[in-house]
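Using this note's numbering, read the sequence shown as starting at 111 and increasing by one per residue. Ideal Cβ positions, reconstructed from N, Cα and C, are used throughout, including at glycine.
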Amino acid sequence: VPGFQTTTSFETDAPMATYHGRSDDWANRIQVLVDGRSVYSSLLQGSAGIGWQTLALDDIERIEVLRGSNSATYGARAFLGVVNIISRDVRETNGASALVTSGDNGIADAGLSVGWSQSDASFRVSADRVGDNGLQGAFGKNSTERLNFASHIALEQGAELELRAGGVGIYAGRGDPTDTAGNPARRWFMGSQFVQVDWRRALSDVQDLAISASHTENRNRDNFSYMQPGPYFLAPIDFGGDEYVDTITAQHTLRISPALRAVWGAELRRERVVSPSQFDQLGGVASNYLRVFGSAEWRISDRLLLNSGALVESSDMAGDSLSPRLMLNWRLAPGHTLRAGASTAFRPPSAFEKYGRVQYYDVRGQNPTGYYTFNNGTVVPEQLFSQELGYYFAPGDGALSGDVRLFREEITDGISATEVSIIPGVRPRQSLNGQNLTIQGMELQANWALSPATKLYLAQSWTGIDVHSSPGVETRYRAEHGAPRYAASLTLMRSFATGTRLSLMHQQADDVALMSISDNKWLFSMQRTDVRLAQDLRITGKKAELALVLQNLGEPYQDGDWKFRFERRAMLSLKVEN
């Protein structure tokens with residue numbers, strides 16, 4: 111998807127994706143949803159890293175990506191974009207399937223899924239484990255374990271009930287084997303578990319009602335003893351914590367007239383983070399959010415379609431805020447549409463950005479070191495004004511389709527952490543609102559069906575970031591180069607009558623700053639080519655697939671940190687379905 115960047119590093123967070131760059135180790139300016147449930151984590155300073163790992167690849171039906179701000183529909187966290195990961199319909203997954211994968215770099219994956227139905231209900235249970243030896247230069251093996259349950263129950267009067275529950279655990283290495291003090295090599299754990307209930311009913315031919323409730327718990331366990339001789343020898347260093355999130359949402363959809371449709375609703379959300387190591391004597395922070403949202407789609411004429419919406423939110427973290435959005439679509443001719451629009455958005459600070467306070471104590475719990483991080487609760491929400499102009503094309507028979515998007519995003523009161531002098535002789539890091547920047551550029555994506563069996567996908571992005579002001583030199587440089595100057599991907603997919611399928615993908619990114627570079631003003635580029643060859647089989651009458659995957663056929667490239675490299679890998683997988 112043009113404009114997105116990814117990393118597979120476990121050093122500061124779980125592997126993640128971000129849109130239009132970032133200036134720190136956390137990707138907190140996009141909203142990530144899994145089946146409509148937000149996986150934003152205040153415990154991880156607003157990142158959705160753990161949430162990206164909720165579902166196994168075989169459990170995913172599709173991934174919906176909305177480029178650009180859409181807070182009016184998806185809430186304040188939809189600051190620069192939205193990703194909604196949709197799981198497979200449980201009614202279409204009856205039977206059992208098993209998958210095993212083995213390959214270079216210690217790759218050892220296994221997964222099992224079982225689905226069944228009875229009366230008006232369908233169910234699915236899936237479990238899997240994926241793991242490898244990590245990036246070259248990083249410490250330790252990495253593994254992710256998942257267990258998920260999904261169900262669909264048809265109720266009376268056309269209502270539907272869906273119940274989901276699951277958990278994910280990440281076990282990974284972190285740190286430097288040569289460091290015995292502040293960042294030694296160690297193992298750490300990050301976990302998440304959730305339960306979610308969705309109820310929907312068609313109230314009439316022109317209106318629907320949906321209610322969703324969820325409870326999510328996130329955990330981070332990362333600690334070690336300080337081994338430097340001196341007064342703090344063996345002092346406990348702990349970066350861990352727990353998070354509890356409860357959300358209930360109601361949404362009403364109605365068709366007011368043949369030319370006018372509307373959606374409106376409300377959401378209550380409570381987030382509680384418990385972490386004495388991150389909040390010192392505060393122990394933790396609880397915050398409450400209330401948002402009311404609405405949007406309308408008005409077909410002014412056969413050629414003109416107007417979309418408008420707004421979000422009103424009140425929270426302990428950000429006070430009261432309003433985010434309107436307006437988008438006009440003009441159909442020039444069949445298969446050719448222009449769109450133009452503008453929106454405003456805000457991103458509330460995470461609990462750590464607002465109240466985080468970090469200092470350490472000796473082995474007896476006495477003699478504090480003084481603050482390494484001190485946030486005094488004064489930081490305010492980031493603000494965004496976004497403009498875009500787009501062209502969508504799908505001429506003729508639809509064999510060729512795509513879009514071009516020009517964008518300009520102005521961020522004010524951007525939050526970044528830098529060292530400040532609060533007490534003479536002490537310079538802790540503090541989150542400040544001093545970052546003001548403009549992100550502008552162009553994105554292109556095109557899909558071309560060369561034949562019924564051959565498809566070509568192209569994505570390109572040109573991104574420029576102009577930082578007008580920033581609290582620190584380090585954060586300024588990282589913000590200016592947080593997104594590649596140019597990035598592209600080209601994918602070819604070919605199916606053969608013999609049941610063989612071939613996928614070939616090449617991607618590149620030019621001139622981007624890695625996040626873990628301290629004050630070093632280094633830019634990196636990458637190119638990567640992957641190949642997948644799969645063959646359909648029958649094993650004792652059961653449907654099966656044997657696949658060979660080659661990742662990064664070229665030279666190793668830096669991933670997440672200048673010291674870490676993603677090297678060439680080969681893996682073989684076998685999937686059997688009953």
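Proximity winner among the options, relative to residue i (alpha-carbon distances)
i: residue 352; options: 681, 113 and 152; result: 152
i: residue 334; options: 285, 316, 569 and 210; result: 285
i: residue 489; options: 427, 569, 481 and 549; result: 427
i: residue 574; options: 539, 643, 591 and 581; result: 591
i: residue 556; options: 569, 159 and 214; result: 569
i: residue 507; options: 559, 477, 541 and 520; result: 559
i: residue 198; options: 228, 305 and 235; result: 235
i: residue 459; options: 610, 450, 473 and 491; result: 491
i: residue 194; options: 249, 188 and 175; result: 175
i: residue 638; options: 309, 655 and 614; result: 614
i: residue 515; options: 505, 480, 524 and 501; result: 501
i: residue 326; options: 160, 562 and 122; result: 160
i: residue 250; options: 256, 257 and 242; result: 242
i: residue 173; options: 156, 142 and 189; result: 142
Boundaries (first-last residue) of the beta strand (DSSP E) holding residue i
i: residue 81; result: Look at the range of the chain in this structure, 111 to 688, and you will see that residue 81 is not part of it.
i: residue 465; result: Looking at the DSSP string, residue 465 is not in any beta strand (DSSP E); the run it does join, the alpha helix (DSSP H), is 461-465.
i: residue 559; result: 539-561
i: residue 231; result: 231-242
i: residue 399; result: 394-409
i: residue 650; result: Element bounds for residue 650: n/a, residue is neither H nor E.
i: residue 136; result: Per DSSP, residue 136 belongs to no beta strand (DSSP E) and is neither H nor E.
i: residue 498; result: 492-503
i: residue 348; result: 346-348
i: residue 578; result: 564-579
Inter-residue Cα distance where the pair is residue i and residue j
i: residue 293; j: residue 403; result: 44 Å
i: residue 168; j: residue 225; result: 13 Å
i: residue 627; j: residue 673; result: With a pLDDT of 49 at residue 627, under the threshold of 50, the modelled position of this residue cannot be trusted, and the question is left open.
i: residue 467; j: residue 482; result: 8 Å
i: residue 283; j: residue 420; result: 43 Å
i: residue 259; j: residue 265; result: 19 Å
i: residue 683; j: residue 281; result: 23 Å
i: residue 436; j: residue 527; result: 33 Å
i: residue 380; j: residue 354; result: 8 Å
i: residue 179; j: residue 191; result: 5 Å
i: residue 129; j: residue 158; result: 13 Å
i: residue 366; j: residue 598; result: 42 Å
i: residue 273; j: residue 587; result: 46 Å
i: residue 322; j: residue 617; result: 38 Å
i: residue 307; j: residue 204; result: 21 Å
i: residue 140; j: residue 125; result: 15 Å
i: residue 364; j: residue 377; result: 18 Å
i: residue 553; j: residue 665; result: 27 Å
i: residue 601; j: residue 382; result: 43 Å
i: residue 113; j: residue 299; result: 30 Å
i: residue 132; j: residue 111; result: 17 Å
i: residue 414; j: residue 201; result: 38 Å
i: residue 316; j: residue 406; result: 14 Å
i: residue 232; j: residue 305; result: 17 Å
i: residue 342; j: residue 537; result: 20 Å
i: residue 108; j: residue 431; result: The question about residue 108 has no answer here: the residues shown for the chain are numbered 111 through 688.
i: residue 694; j: residue 509; result: Residue 694 cannot be examined here, being either before or after the span of the chain that is shown, 111 to 688.
i: residue 217; j: residue 271; result: 38 Å
Min CB distance residue i to chain C below 8 Å
i: residue 448; result: Within the model displayed, chain C is absent; a lone protein chain is all it includes.
Burial state of residue i (16 or more Cβ within 10 Å)
i: residue 607; result: exposed
i: residue 688; result: exposed
i: residue 474; result: exposed
i: residue 164; result: buried
i: residue 276; result: buried
i: residue 542; result: buried
Residue range of the alpha helix (DSSP H) that includes residue i
i: residue 160; result: 159-162
i: residue 389; result: 386-389
i: residue 281; result: Unbroken run through residue 281 is the beta strand (DSSP E), 270-284; no alpha helix (DSSP H).
i: residue 181; result: 181-184
Beta-carbon separation (whole angstroms), residue i vs residue j, contact threshold 8 Å
i: residue 485; j: residue 465; result: 6 Å
i: residue 633; j: residue 623; result: 6 Å
i: residue 349; j: residue 330; result: 7 Å
i: residue 119; j: residue 686; result: Contact flag wrong, Cβ pair sits at about 33 Å.
i: residue 497; j: residue 452; result: 5 Å
i: residue 268; j: residue 312; result: 5 Å
i: residue 278; j: residue 297; result: Not confirmed; about 17 Å, so no contact.
i: residue 338; j: residue 291; result: 4 Å
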